[in-house]
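There are 4 protein chains.
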Amino acid sequence: MSFPKEKSLSEKYTSTRDYTTFLCTPLNEEDYVIQVVEFASPPKWHLAHTTWFFEEFVLLPFLENYEVFDSRFQFLFNSYYNNVGAMLARNFRGAINRPTVEEVYAYRKYVDNAMASLLQQTSSSEIEERIVLGLNHEQQHQELLLSDLKFAFSKNPCFPVYKSDFIPEHQKINAKGTKEILEGVYEVGFNGDGFCYDNEKERHKVYLRSFGIEKAPVSNAEYMEFMNAGGYDNSNFWLDEGWNWKCRQNSGAPLYWKKQDQEWFHFTLGGQVKIDEEAPVCHLNFYEAAAFAAWRGTRLPTEFEWEVASAHFEWGLRWEWTQSAYLPYPGFKKAEGAIGEYNGKFMLNQQVLRGASIATSAHHSRNTYRNFFHANSQWQFSGVRLIS
Amino acid sequence: MSFPKEKSLSEKYTSTRDYTTFLCTPLNEEDYVIQVVEFASPPKWHLAHTTWFFEEFVLLPFLENYEVFDSRFQFLFNSYYNNVGAMLARNFRGAINRPTVEEVYAYRKYVDNAMASLLQQTSSSEIEERIVLGLNHEQQHQELLLSDLKFAFSKNPCFPVYKSDFIPEHQKINAKGTKEILEGVYEVGFNGDGFCYDNEKERHKVYLRSFGIEKAPVSNAEYMEFMNAGGYDNSNFWLDEGWNWKCRQNSGAPLYWKKQDQEWFHFTLGGQVKIDEEAPVCHLNFYEAAAFAAWRGTRLPTEFEWEVASAHFEWGLRWEWTQSAYLPYPGFKKAEGAIGEYNGKFMLNQQVLRGASIATSAHHSRNTYRNFFHANSQWQFSGVRLIS
Amino acid sequence: MSFPKEKSLSEKYTSTRDYTTFLCTPLNEEDYVIQVVEFASPPKWHLAHTTWFFEEFVLLPFLENYEVFDSRFQFLFNSYYNNVGAMLARNFRGAINRPTVEEVYAYRKYVDNAMASLLQQTSSSEIEERIVLGLNHEQQHQELLLSDLKFAFSKNPCFPVYKSDFIPEHQKINAKGTKEILEGVYEVGFNGDGFCYDNEKERHKVYLRSFGIEKAPVSNAEYMEFMNAGGYDNSNFWLDEGWNWKCRQNSGAPLYWKKQDQEWFHFTLGGQVKIDEEAPVCHLNFYEAAAFAAWRGTRLPTEFEWEVASAHFEWGLRWEWTQSAYLPYPGFKKAEGAIGEYNGKFMLNQQVLRGASIATSAHHSRNTYRNFFHANSQWQFSGVRLIS
Amino acid sequence: MSFPKEKSLSEKYTSTRDYTTFLCTPLNEEDYVIQVVEFASPPKWHLAHTTWFFEEFVLLPFLENYEVFDSRFQFLFNSYYNNVGAMLARNFRGAINRPTVEEVYAYRKYVDNAMASLLQQTSSSEIEERIVLGLNHEQQHQELLLSDLKFAFSKNPCFPVYKSDFIPEHQKINAKGTKEILEGVYEVGFNGDGFCYDNEKERHKVYLRSFGIEKAPVSNAEYMEFMNAGGYDNSNFWLDEGWNWKCRQNSGAPLYWKKQDQEWFHFTLGGQVKIDEEAPVCHLNFYEAAAFAAWRGTRLPTEFEWEVASAHFEWGLRWEWTQSAYLPYPGFKKAEGAIGEYNGKFMLNQQVLRGASIATSAHHSRNTYRNFFHANSQWQFSGVRLIS
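Protein chains in written order, with the numbering used here: chain A, 37 to 424; chain B, 37 to 424; chain C, 37 to 424; chain D, 37 to 424.
Pasting the structure below:
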């Protein structure tokens, strides 16, 4: 976590936790509980799960005499940590009408109070690291809360508005041209002082060929050219798995797009609006990103090319799909026990995305950050940048 | 609808509508919106759908200049009436975070006001019949609201309590012995003055053999004997489809039952409580009811046997599965248009249940009433009575 | 079994068994083994299963010192008799490359020889009844062999020909007008001397209203009118379950029909041929039969109406869907043990078909015969006759 | 294809084609046609598809006046080449009872004759390259024919024997110790004169850290230790996707293993035999290979580590799962048109296997060969070698 240096851990804790609740201010109570698909969890669940993370991984091991707020929450709000016990099946997160939203906020307060005690008493680096992990974890869920919410809202044919212009989905980047990188051995992976996830390590050498990379991400206008050129109808641009996905879904545009009277609109957190052609295209999955690149006669960057070149272009409006599978770096070691389940066990059949998005929390991005999702995932704020 | 005769239609309208909202008094706002399975709709949806029924089938055709509250509701709250347009897929009823509960109550009020106007102005029998249908429809949904709620609450591992002793699930019947009915031609089907559904007509003759029927429904104690005798493990008692269901589900007890420390508990609207052995068994599906009867060396009554004998025993705590498939009576004609979709199109592959249950609304039962569900359905308040 | 009286049981045994192998004469060895869908078994399996039936239910209990041909066959060729042990999952019947066809014929011969011994030695009525059951069972599988084969062949885009004009699928009935039956109490169910299945008993009284029934089954020409009138596009003609089936399948014609250059063809056991408009329509499922009747403003007969009227019209080219669910008759008792599994356990969620078809074996039809299939089944030679 | 240099292309063609039919000599006609699962095709299909490949990609474009044997085969035996037209759905390959085996052999002969003509007439390098591709393609299918057959036979509870000792599944490698490779930049990918697939190119540099690799693949004895240590019951050794697979399948041993009386047996092409503890473990999927490595506290090699070290150990009894996802090499370009579909479109969500197996055809292996399968695939002759 690359917070301003001057901030104490306590201050960082408070501001991070507050931001999660701030994101919920536009919500009605009913918005907190809906789940329309297994992969998109209700806001209430995010609020509680991030709290459970501190309870389970900080307070229980490190705060003497800590008593859990409610033992049933250990089952309800465990996401996927087999080492700390059983968990509610993911597709039943929408069944959690109780505890109520109010009770979940009480839970947050209870844990925050206990965390305050702990932060006052203690200063071991082990505890601090665990807390920092918890804060980064919470920041990840802040973005997920937004993307999950957007997906759930989109399934309501009334297209509810979360909040106008809260998340500037139309923000643009003005950039042109290509950055050329020369062949050679480069170092990649995290090597700073601050926080990083275990999957960003070890820093290691890779051999890269010369390549050029576009300074701007692909825009809506460019993507529409692909659509207009029949890109969704020509199997030659698609990976086999992508083509099957396309045929099954009968897809012809990015997620959330809808054509009305010859014009393209898309659903945003601020409601249904006209596509802004200059904004970077969003909500592509890997199949679409790769098909677009093939149509353009080029390819996506690998995550290493992206990292090496990243100082030379602006990023952060859209997660950028790379050609790299999400795999362990040389020397990667997962931690013992439950914490080791955080990242390592997902290193198969997912693709790496690099960068950040307009929904990513402040202080939660760096050019070694490895985000990862399945190739069919569209609901993240994901776009594409091309090798030129 | 067999309301006390002295009540005006207006009074009946008000009391029926009020009872629906009364049923929702114990709910938190979040309870209104959850859907955990396709067949069990959220309370909010029931509140709105019953209102839509009056809007679509009474106000739009009969109240001059009526304007719908919100045209989107015609899509959201249409259940299955193809004749009046498209509808939200059933498994997305839980996505309706908006309109909010408050807005749905405003919708109810708006429609109630319009209905009040209509009821003052008009007195055609056509309109009155349609209103009475709407009230009976709402009463059906009152029971569904309770059974759907019970199912949703049961999927929350916290087992939330709806309300203690609101619905007396443990009520008993003290009855013994058998009623004998002699062979002969009997008349069945509705022939009174009041309301009945189209599926209860035409009244017609059936030839019945002599039979005896038990005056009491099967109790929990009797059902436990079946369980203890290995009833769930012997395919010979089961219909083929039932045995497949049992194997797939690995069932060994009725829905909502749980064994703790050698004692059986079950989940009720009043929370998790010990099984009362003398109460009638509940939440059986047809497979279980039929297997139980086979184990006892007997069978379920047909719906005609049940109807003919029904004056001679007490009923109303549990819907009672019959051996009869839900089929049209001789001379059955479905109405023109959407109203004709109410019952007729479901006359295939469902079983008839007779009687009523502790969750059935007052004035919503008669001995010609034909309830119907799929053979695998357990979530209604359904039990069994045997031919002796 | 209503064989000519003069035939001995031995002769009946031989002629029935021979007819099964005769049906296989047009087959290549590869045809014997293919299974393209769970419900349609390979010819080899039918050959072996009917043999297993005699081994399991006649030879093992009644022929002293009988030794099974191959103990593995007891698992491979048991269809659904839980009382005699485990069985191969139905969808793996196509995995039986071994035993080979040759070995299965050797199995048939081995069992036939043992049966010959038994038939010479014994004359108990218990044994004779069991043998007659086995022969009727084999006759049922003769028809299934043909309908399963037709289905499998139809999935091969080369449309292989089983045999031209072996089964006269285009045979017609010349009949006109209506037979009127008067209201009254009638007796239905089997009461002759010969063989019947347990499901045809007990003979019992039913009360029927007056009705008229068409003397001719519905023709292809009549069904095409329904198709041309948009019958497949109007939900009002369809049962809800039927409409869902239609939408999911995107059906617009009976099974095996294909339009080529504005003309309708269909796949038959003799190859792809033009529809004969005067022949009775075939390969409808119950949904289609019922929708057709609704479009014509009428309905299907009940199985009792059909039986009572059956002396007055010609039947036997197509199984005729009735409006009756397949349920036990009054007084129905299933036999003890495995034989009791033959019919009784299937008495739920299937529809009765009456009559016979051009694929039904000789001496295997009577007007009390109750055939039954699921409402979505199209692959039998099934048509429809209307109440007029 | 690294055939002995002295052989002419004609000789290579004949010997490769003959070997395919030789592999079928132990088969009955019925064995040729069975398909028990979508991914395992019948032998007849392999025989015809490899022939179709020459017809479609060599004879049609290059042999003047060539006429296809049967135009329907272009649909039946196209596997996945969208550029040359529609194809039979993969799960209906078992429906191909016709053409018969005999006709398929006639098809092979017809194409072989035409190929002989072509080979006499022509000597363009373009044609030669295409023929060599066809021969390599056929060799791949020779191995698939064996692994598909083994899978199909295994689903027959009679466990048919293909041929004893035809494929020496128990062959062993006697090797010990570790090969150490030093850190540095290495070249990987094909750069010889002979044939390679497009996915082996371009040869490129990679930076490798120092590592050691075991000279012997993991044996059955070693894998049994993992099983006995509860390896299948501890989620910490498994990738998340692998753990879900394990739980769903309830797996506890490699494919084809069965415990009888405290001893492990496995199904082979030569029948059911006792496990040979010293032979390399076989029929692991990637999940199992990776879990085993985690239990041993190590990992699988990457495909580059494997290639660089491969000169220093013996390989060829089992395909060896690597930690590398199947992705394009730098500079990879797929060919225009249908031939470009051969490999490139599958470069997502599959894992690379290196080496060869006892079922791999002679002259069809090299240390740059990239085999690839989904992580859950067990039916190939796949094992594992560890980083030490």
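Beta carbons: idealized from backbone N, C-alpha and C, even for Gly.
Values in this document were obtained by computation on a predicted structure and should not be read as measured data.
Which residues of chain D have a Cβ atom closer than 7 angstroms to the Cβ of residue i, listed in chain order?
i	result
residue 241(A)	243
residue 353(A)	Ordered by position in chain D, no residue passes the 7 angstroms Cβ test against residue 353(A), which lies about 25 angstroms from the chain.
residue 128(C)	72 and 191
Residues of chain C with CB under 7 angstroms from residue i, in chain order?
i	result
residue 361(B)	361 and 363
If you count every other CB in all the chains shown that lies within 10 Å of the CB of residue i, and 16 or more means buried, which is it?
i	result
residue 218(D)	exposed
residue 309(B)	exposed
residue 149(C)	exposed
residue 156(C)	exposed
residue 90(B)	buried
residue 348(A)	exposed
residue 419(C)	buried
Taking 7 angstroms as the cut-off, decide whether the C-beta atoms of residue i and residue j are in contact.
i	j	result
residue 225(C)	residue 365(C)	yes
residue 95(A)	residue 203(A)	no
residue 422(C)	residue 250(C)	yes
residue 290(B)	residue 319(B)	yes
residue 403(B)	residue 346(B)	yes
residue 227(B)	residue 245(B)	no
residue 233(D)	residue 379(D)	yes
If you follow the beta strand (DSSP E) that residue i is in, where does it begin and where does it stop?
i	result
residue 407(A)	407–409
residue 243(B)	240–244
residue 293(A)	293–296
residue 170(C)	Premise fails: residue 170(C) lies in the alpha helix (DSSP H), 161–190, not in any beta strand (DSSP E).
residue 248(D)	247–250
Per DSSP, residue i forms a beta bridge with which residues?
i	result
residue 389(D)	357(D) and 407(D)
residue 136(D)	Per DSSP, none; premise fails for residue 136(D).
residue 43(B)	Residue 43(B) pairs with nothing; no bridge assigned.
residue 224(D)	240(D)
residue 302(C)	293(C) and 309(C)
residue 419(D)	356(D)
residue 73(C)	76(C)
residue 217(C)	247(C)
residue 316(C)	255(C)
Does the ligand FAD have a heavy atom nearer than 6 angstroms to the CB of residue i?
i	result
residue 152(A)	The ligand content of the structure shown is nil, which means the ligand FAD is not present either.
Identify the contact partners of residue i in chain B, using a Cβ-Cβ distance below 8 angstroms as the criterion.
i	result
residue 68(A)	66
residue 383(C)	275
Using a cut-off of 8 angstroms between C-beta atoms, extract the partners of residue i located in chain D.
i	result
residue 105(C)	By Cβ distance, chain D contributes nothing, its closest Cβ being about 13 angstroms from residue 105(C), past 8 angstroms.
Kindly list, in the order they appear in chain A, the residues whose Cβ is closer than 7 angstroms to that of residue i.
i	result
residue 17(B)	As shown, chain B starts at 37 and ends at 424. That puts residue 17(B) outside it, with no answer to give.
residue 111(B)	193
Counting only Cβ pairs nearer than 7 angstroms, list the residues of chain B close to residue i.
i	result
residue 196(A)	133 and 134
Over what stretch of residues does the alpha helix (DSSP H) that includes residue i continue unbroken?
i	result
residue 283(C)	276–285
residue 23(B)	As displayed, chain B neither begins before 37 nor continues past 424, which places residue 23(B) out of reach and without an answer.
residue 112(D)	109–112
Against residue i, what residues of chain A qualify as contacts under a CB-to-CB distance less than 8 angstroms, listed in chain order?
i	result
residue 124(B)	193
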